[in-house]
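These notes are about the structure you will find just below.
Numbering (the numbering used here), first residue to last: 54 to 216.
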């Protein structure tokens, strides 16, 4: 099949920038285009939806609301944890990101929100939760995924960068 536009099951290479509140937070500059497999949740839904039908060389600005991006900011997504629950040699200070396993052994990202005495308060909100995301995207190339990529539901490349 000839692939002439962005649709489910296609591997897209795109150049992009991400601004939040007028500040450049992320960009493909210097690390090469981002590749993703359409329809598998590789990128946030609000961006993927807007890219459907784009052709090679097309570019557009996409504004993604929190609900279609990294979610709303939840006031109750905070947890107080005693300092002695953490490894002694772990450097804990405000803003440090760490992975916490919950009771079902799922890994979750958290950030140290504050430390008071022996209590560490963790924030489980995504750093961009509640933010309006301003993307500029340009489609560089389109290709069919290989069987392994389809089986795994994401692109295989050297050096994964996860967002």
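Just so it is clear, CB atoms sit at the ideal spot from N, CA and C, and this is done for glycine as well.
Identity of the residue in 140, 105, 116 nearest residue 70 by Cα: 116
At 3 residues or longer, what runs of the beta strand (DSSP E) sit wholly inside the segment 72 to 131? 76 to 80, 87 to 90, 112 to 117
Could you give the DSSP three-state label for residue 163: helix, strand or coil? strand
If you count every other CB in all the chains shown that lies within 10 Å of the CB of residue 199, and 16 or more means buried, which is it? exposed
Quick check on residue 184: buried or exposed, where buried means 16 or more other Cβ atoms within 10 Å of its Cβ? buried
Using the beta-carbon count (16 or more within 10 Å), is residue 77 buried or exposed? exposed
Cutoff 6 angstroms; reference residue 133; Cβ partners in own chain excluding five residues on either side: 172, 174
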